[in-house]
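Enquirer:
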Amino acid sequence: MAEEKGLEQLKKEAAEKAKAAAAAREKGAASAKVKEEPAEKAKPSPNQHILDKYVQEIENHLGKEILEDSYINRLSKDIPTLVAKPDTYRKVAELLKYNEQLAFDYLSELHGGDFETHMEVYVHLYSFTNQQAVALKVKIERSNLEIPSLVPLWEGANWPECETYDLLGIRFTGHPDLKRILLGEEWIGYPLRKDYEPYDVEV
Amino acid sequence: MIQELLQSSPGLLNLGIFSLLAVLLLFVVLGFVTYGILSERKVMGFMQMRIGPNQVGGRWALLQTVADVLKLLIKEDTIPKVADRPLYIIAPVIAFAPAFMVLAALPFTDKFQFADMGIGLLYYIAVSGITTVGIVTAGWASNNKYALLGGMRAAAQMISYEIPLVMSVVGIVLLTGSLNLNEIVEAQKNIWYIVLQPVAFIVFLIASVAELNRVPFDLPEAESELVAGYHVEYSGFRWAMFMLSEYVYMFAMASLTTILFLGGWHPLPFLGFIPAAVWFALKFSLVIYLLIWIRVTFPRLRADQLMEFGWKVLLPVALANIFVTALLKELFSMF
Amino acid sequence: MLGLMKGLGYTMKNLTRKKVTYDYPNKPLPLPDRFRGIQKFYPEKCIVCNQCVNICPTDCIQLTGKKHPDPTKRGKLIDTYDINFEICILCDLCTEVCPTESIVMTNNFELAEYSRDELFKNLEWLDENDENIRKVNKV
Amino acid sequence: MIRTEEMLLNVGPQHPSTHGVFRLVIKIDGEIIKEATPVIGYLHRGTEKLAEDLQYTQIIPYTDRMDYLAAMTNNYVLCHAVETMAGIIAPDRAEYLRVIAMELGRIASHLVWWGTYLLDIGATSPFLYAFREREMIINMLNELSGARLTFNYMRVGGVKWDAPEGWIQKVHDFVPYMREQLEGYHQLVTGNEIFMSRVKGIGSYTKEDAINYSLSGANLRCTGVKWDLRKNEPYSIYDRFDFDIPVRQDGDAWARYHCRLEEIEESLKILEQAVEQFPQDGPILAKVPKIIKPPKGESFVRIESPRGEIGCYIASNGKKEPYRLKFRRPSFYNLQILPKLLKGENMANLITILGAIDIVLGEVDG
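Residue numbers (the UniProt record's numbering), protein chains in the order written: chain A, 1 to 203; chain B, 1 to 335; chain C, 1 to 139; chain D, 1 to 366.
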């Protein structure tokens with residue numbers, strides 16, 4: 001028993017050492033990155049005008065204060081990103097689809113994420129007519145996990161919304177057939193939530 | 001010999017001899033079927049860049065099918081709980097028995113034949129039709145949805161294709177003037193009917209493939225659609241009976257094709273020194289090979305296309321063939 | 001009709017072509033050197049650095065070390081080393097991180113056993129698994 | 001008047017033509033499908049949840065298991081996402097190796113599709129011919145990565161192994177061989193009247209439907225949308241190659257069949273050029289820290305897998321594990337249109353339509 005404990009101790013120590021070493025290395029890498037970053041930030045993104053166009057279009061049609069935020073996501077190939085509010089999300093989406101300047105006819109991706117303070121739905125849209133892309137995000141209160149469904153606009157949102165509901169518990173109102181698509185109706189809890197406790201710990 | 005037996009007065013001895021011969025034939029046919037299956041697997045394998053079976057019985061797997069059948073015979077016999085038990089049990093027998101019954105009418109050589117019937121051809125077609133009943137029964141009695149679909153497909157298909165099959169041989173009957181298979185073969189002494197009746201041959205070949213439920217007409221057991229179709233619930237020796245009946249029919253149909261179109265046991269000119277039995281076997285193998293070859297190459301038809309093809313293409317062509325044959329025969333006999 | 005004939009021609013042509021199947025259980029499969037099979041473990045090389053345990057995506061490696069019996073020498077010796085092949089996905093990450101190449105891949109891949117318990121391979125077993133060892137382990 | 005009853009039929013989860021554990025509950029009247037409800041999730045392994053506790057390098061083997069017919073593209077999409085976030089640029093030689101590996105995988109995947117699709121339609125031989133060629137590709141990839149399907153070959157910033165000796169030559173020799181075999185495929189199947197009658201006009205949808213249902217890959221291109229991420233949003237080094245995007249207008253199974261077979265030809269073109277341009281030497285891994293920590297933020301990248309757009313979304317909080325990882329799995333999106341296509345079709349067409357979508361269940365269920 002004592003010996004085992006000793007071993008445990010040793011193991012821990014070794015792990016900690018490795019961790020420390022890794023951290024040191026990380027620091028080096030991070031600092032190197034920091035040096036590069038300011039230079040990069042100086043020049044505006046090539047997609048800035050596209051974002052401006054989107055925002056302008058939305059403000060023209062729906063008024064100001066519709067969007068929570070809008071920015072260029074430099075980490076994601078400079079994609080223009082719009083953040084809608086839960087109550088304006090559907091309106092923005094509708095405009096994105098039907099406005100001729102925007103005409104986002106293709107829903108490439110829809111998924112949710114749990115960010116502990118809030119949940120998020122991320123939608124990646126593409127317009128074949130204008131050859132441009134946009135990311136639409138919406139932050140939802142954890143207390144009221146309900147946003148309008150996008151299925152009436154893009155059929156392709158059907159299963160992804162089911163999946164989001166299945167794994168995160170976000171309810172999409174107006175979805176034609178919202179069901180737990182992967183896990184089955186008898187599953188308890190929403191696994192991708194950060195506070196999810198596996199029901200059967202040791203399988 | 002058979003003729004004498006048939007004409008002699010009934011008695012226990014006759015019964016015994018008949019039974020003995022029947023069993024003998026059964027084994028002969030089973031032997032053929034065994035190697036028919038093996039050759040099919042081997043040829044298929046070779047065409048598909050594989051070696052095929054090569055484990056049981058040497059490099060050529062000569063005992064593979066024997067082992068397979070033995071395995072099937074000793075396998076557990078499962079009957080679904082909600083199946084219609086009596087029908088489920090009797091269905092393989094209904095499908096299997098006619099397959100052997102038709103063999104009686106086939107003249108393999110001028111001497112080796114069991115029953116020289118005046119209506120041999122009609123007998124073959126009539127009796128082989130009974131198998132359909134067995135298949136439909138199997139599909140229905142299994143109480144399985146896939147089996148039911150398979151059974152229904154089989155019924156529709158086999159009834160539809162029976163008609164062009166019969167119609168295509170009417171031309172031959174017209175030319176020969178007889179339904180007797182022996183006489184049909186005799187009539188081909190100089191020239192085979194495949195030359196005189198090429199259209200009929202093609203119609204007959206297609207219809208016979210459909211009758212045999214083989215690719216491209218294997219809809220009743222389409223494994224990619226209906227899993228296994230009518231025999232999905234069958235296992236062990238019951239399933240073996242379906243399988244064997246299928247292959248016995250293949251044997252019978254190939255023999256019939258040989259008899260009707262390829263001149264039976266008649267040799268090619270100048271090659272008369274080769275025995276008749278060998279000639280028959282050669283031609284028969286050729287037909288079998290053709291069937292296998294078709295199976296390797298083609299995809300499956302769809303049910304509605306199959307029906308359309310049968311009724312709208314094959315039947316009119318067969319009817320036209322009869323008409324033209326009759327016309328030509330009259331014209332030639334006039335001069 | 002022409003298409004059907006062409007197809008028949010193609011299958012006929014293949015009848016005589018060279019066969020491509022493997023005679024597998026009789027002849028071993030030809031495998032490249034890099035093939036990732038069951039690991040071989042060299043206990044004498046191991047420095048008990050725990051990196052393989054940490055990198056394993058399925059947590060299938062367990063090891064314990066002990067103090068070097070010779071008090072003058074530093075470092076540790078390996079005591080037990082187990083890989084659970086029920087969950088090992090042979091992803092090669094353990095051999096990739098190992099600084100001393102004390103764990104390497106072999107070309108052996110046949111893991112069929114009668115019981116799941118036998119899939120739990122210990123140090124001795126992994127040490128004896130010394131056939132077809134991969135020659136090049138690091139780029 | 002004959003009264004017919006509708007019947008509920010479970011196609012799958014164990015069925016030879018669902019290509020995995022996929023269940024389709026269909027309501028049929030005779031052989032006509034009145035309604036079809038797909039049921040998925042039998043192969044759900046929670047990759048995204050598992051990934052939240054894993055380092056980026058450790059996730060790569062998990063991506064192998066999603067679309068197991070073209071694992072190289074899956075490897076790539078994850079590495080690409082991390083690289084985009086962390087601003088890592090893989091060395092040239094590594095990119096060439098990646099492209100060669102991915103294109104080989106694409107050919108292998110389409111070959112499997114071709115073979116199994118013909119198997120669905122009832123022809124057995126094409127399957128074996130396709131696997132003959134696929135085996136060669138698998139063997140090549142085995143030599144390269146050390147595994148036949150679950151390659152785990154790519155790393156963030158490069159690849160794990162350099163090409164073994166003579167390997168590039170092997171790929172070079174494979175291209176003309178494969179072209180020759182493709183000829184044979186067309187001879188065997190493409191002109192076959194039975195095959196044509198089975199697929200022409202079956203399961204067709206319009207361009208608008210395809211876009212609306214978020215279809216991608218050959219399923220989208222068969223309706224006339226000339227869209228291929230390799231060309232339209234070039235990633236890796238695809239802008240250095242000259243190739244076409246095969247497009248068809250009809251949107252039926254026949255069009256998809258042609259799109260896929262032509263894609264094989266285009267991939268061969270890419271392979272040919274990649275082998276020619278392959279750099280003599282150079283590193284195969286960029287200078288990356290041993291433990292990769294992308295900066296805080298999120299990123300979504302998409303690339304062209306054989307089945308369509310495969311995307312990877314990473315939300316990072318600057319730690320060595322992703323905070324949230326999500327894969328856009330093309331099969332999952334492509335399968336959505338199935339109930340619409342099946343309505344009013346008959347049983348035999350069900351298989352033709354499902355097969356033409358080309359799904360991999362490992363990917364559908366994630």
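C-beta atoms are modelled at their ideal positions from N, C-alpha and C, and glycine is treated no differently.
Rounded to the nearest angstrom, what separates phenylalanine 32 of chain B and tyrosine 247 of chain B at their Cα positions?
Expert: When rounded, the distance between both Cα atoms is 9 angstroms.
Enquirer: Would you say tyrosine 114 of chain C lies against chain D (beta-carbon separation less than 8 angstroms)?
Expert: Not one chain D Cβ lies under 8 angstroms of tyrosine 114 of chain C.
Enquirer: Quick check on lysine 19 of chain C - is its C-beta less than 8 angstroms from some C-beta in chain B?
Expert: So yes, lysine 19 of chain C belongs to the interface.
Enquirer: Excluding five sequence neighbours on each side, which residues of the same chain lie with their C-beta closer than 7 angstroms to the C-beta of isoleucine 83 of chain C?
Expert: Only Gln39, Cys60, Ile61, Lys121, Leu126 meet the Cβ criterion.
Enquirer: According to DSSP, is alanine 18 of chain A part of a helix, a strand, or is it coil?
Expert: In this predicted model, alanine 18 of chain A has a pLDDT of only 49, less than 50, meaning its place in the structure is not dependable; the value taken from the coordinates is given anyway. Alanine 18 of chain A: helix per DSSP, three-state reduction.
Enquirer: So, are the CB atoms of leucine 104 of chain D and leucine 182 of chain D less than 8 angstroms apart?
Expert: Not a contact, by the Cβ cut-off of 8 angstroms.
Enquirer: Starting from arginine 132 of chain D, trace the alpha helix (DSSP H) both ways and give me its first and last residue.
Expert: That run of the alpha helix (DSSP H) goes 125-145.
Enquirer: From isoleucine 130 of chain B to lysine 207 of chain D, what distance separates their C-alpha atoms?
Expert: Going from the Cα of isoleucine 130 of chain B to the Cα of lysine 207 of chain D covers about 51 angstroms.
Enquirer: Below 8 angstroms on the Cβ atoms is my guess for leucine 149 of chain D versus cysteine 312 of chain D; work out the distance and round it to an integer in Å.
Expert: Rounded, the Cβ-Cβ distance is 20 angstroms, inconsistent with contact.
Enquirer: In chain order, what residues of the same chain have a beta carbon less than 8 angstroms from the beta carbon of glycine 318 of chain D, not counting five sequence neighbours either side?
Expert: Excluding residues within five positions, the ones whose Cβ falls inside 8 angstroms are Lys293, Pro294, Pro295, Lys296.
Enquirer: Tell me, to the nearest whole angstrom, how far the beta carbon of proline 38 of chain D is from that of leucine 220 of chain D; I am working on the premise that it is less than 8 angstroms.
Expert: So it is not a contact: roughly 19 angstroms between Cβ atoms.
Enquirer: By the 10 Å Cβ neighbour count, where 16 or more other Cβ atoms means buried, how is proline 330 of chain D classified, buried or exposed?
Expert: Under this definition proline 330 of chain D is a buried residue.
Enquirer: Using only the alpha-carbon positions, how far apart do isoleucine 40 of chain D and phenylalanine 151 of chain D sit?
Expert: Computed Cα separation, rounded: 26 angstroms.
Enquirer: State the DSSP-derived secondary structure class of glycine 120 of chain B, mapped to helix, strand or coil.
Expert: Reduced to three states, the DSSP call for glycine 120 of chain B is helix.
Enquirer: Taking DSSP as the reference, what is the three-state secondary structure of histidine 172 of chain D?
Expert: If DSSP states are grouped into helix, strand and coil, histidine 172 of chain D belongs with the helices.
Enquirer: Short of 7 angstroms in beta carbon distance, which residues of its chain neighbour proline 316 of chain B, apart from the five on each side in sequence? Order them along the chain.
Expert: Same-chain partners within the cutoff: there are none.
Enquirer: Along chain A, in chain order, which residues have C-beta atoms closer than 8 angstroms to that of asparagine 10 of chain D?
Expert: Correct list: empty, because the minimum Cβ distance to chain A is about 15 angstroms.
Enquirer: With a cut-off of 8 angstroms, do at least 3 Cβ pairs link the region 103-115 of chain A to the region 76-89 of chain A?
Expert: In short, these stretches do not touch, since the Cβ pair count stays below three.
Enquirer: Excluding five sequence neighbours on each side, which residues of the same chain lie with their C-beta closer than 7 angstroms to the C-beta of methionine 102 of chain D?
Expert: So the list reads Met72, Thr73, Tyr76, once near-sequence residues are dropped.
Enquirer: Could you name the residues of chain D that glycine 7 of chain C contacts, counting a contact when the two beta carbons are closer than 8 angstroms?
Expert: Result: Gln187, Leu188, Val189, Gly191, Asn192.
Enquirer: For glycine 259 of chain D, which residues from the same chain have a beta carbon less than 8 angstroms from its beta carbon, with the 5 sequence-adjacent residues on both sides left out?
Expert: For the sequence presented, residue 259 of chain D should be read as cysteine rather than glycine. Excluding sequence neighbours, cysteine 259 of chain D sits near Ala218, Arg221, Cys222, Pro246, Val247, Arg248.
Enquirer: Assuming arginine 171 of chain A contacts leucine 178 of chain A (C-beta within less than 8 angstroms), just tell me the rounded distance between them.
Expert: With 8 angstroms as the limit, arginine 171 of chain A and leucine 178 of chain A qualify as a contact, their Cβ atoms being about 7 angstroms apart.
Enquirer: Starting from isoleucine 26 of chain D, follow its DSSP beta bridges and name the residues at the other end.
Expert: Isoleucine 26 of chain D pairs with D/Leu9, D/Ala36.
Enquirer: Tell me which same chain residues have a C-beta within less than 6 angstroms of the C-beta of glutamate 272 of chain D, skipping the five on either side of it?
Expert: Counting only Cβ-Cβ distances below 6 angstroms, and skipping sequence neighbours, we find Val175.
Enquirer: Which of the three DSSP states, helix, strand or coil, is assigned to glycine 134 of chain B?
Expert: In the structure shown, glycine 134 of chain B sits in a helix (DSSP, three-state: H, G or I).
Enquirer: Alpha carbon to alpha carbon, how far is leucine 314 of chain B from proline 164 of chain B?
Expert: Spanning the two alpha carbons is a distance of roughly 6 angstroms.
Enquirer: Against phenylalanine 284 of chain B, what residues of chain C qualify as contacts under a CB-to-CB distance less than 7 angstroms, listed in chain order?
Expert: In chain order: nothing, as chain C lies at least about 20 angstroms away.
Enquirer: Give me, in chain order, the residues of the same chain whose beta-carbon lies closer than 8 angstroms to that of leucine 150 of chain A; leave out the 5 immediate sequence neighbours on both sides.
Expert: Within the same chain, leucine 150 of chain A has close Cβ partners Arg90, Ala93, Leu107, Leu110, Val123, Ala157, Glu161, Phe172.
Enquirer: How long is the line joining the alpha carbons of glutamate 263 of chain D and isoleucine 147 of chain A, rounded to whole angstroms?
Expert: Taking the straight line from one Cα to the other gives about 40 angstroms.
Enquirer: So if I threshold CB-CB distances at 9 angstroms, which residues from the region 112-130 of chain B count as touching chain C?
Expert: If the cut-off is 9 angstroms between Cβ atoms, the region 112-130 of chain B has nothing near chain C.
Enquirer: Tell me, please, whether the CB atom of glycine 366 of chain D is closer than 8 angstroms to any CB atom in chain C?
Expert: So no, glycine 366 of chain D is outside the interface.
Enquirer: May I ask you to list, following chain order, the residues of the region 107-126 of chain A that have a beta carbon less than 8 angstroms from some beta carbon of chain D?
Expert: Hits within the stretch, in order: Leu107, Ser108, Glu109, His111, Gly113, Asp114, Phe115, Tyr122, His124.
Enquirer: If you draw a straight line from the C-alpha of tryptophan 227 of chain D to the C-alpha of glycine 57 of chain B, how long is it?
Expert: Each residue's Cα considered, the two are about 56 angstroms apart.
Enquirer: Which residues share a DSSP beta bridge with threonine 64 of chain C?
Expert: According to DSSP, threonine 64 of chain C bridges with C/Thr80.
Enquirer: Could you name each continuous alpha helix (DSSP H) segment of 4 residues or more that falls completely within the region 84-111 of chain A, going from the start of the chain to the end?
Expert: Segments of the alpha helix (DSSP H) lying fully in the region 84-111 of chain A: 89-98.
Enquirer: Contact defined as beta carbons within less than 8 angstroms: I believe phenylalanine 217 of chain B pairs with leucine 301 of chain B. What is the distance between those atoms, to the nearest angstrom?
Expert: About 6 angstroms separates the two Cβ atoms, so the contact holds.
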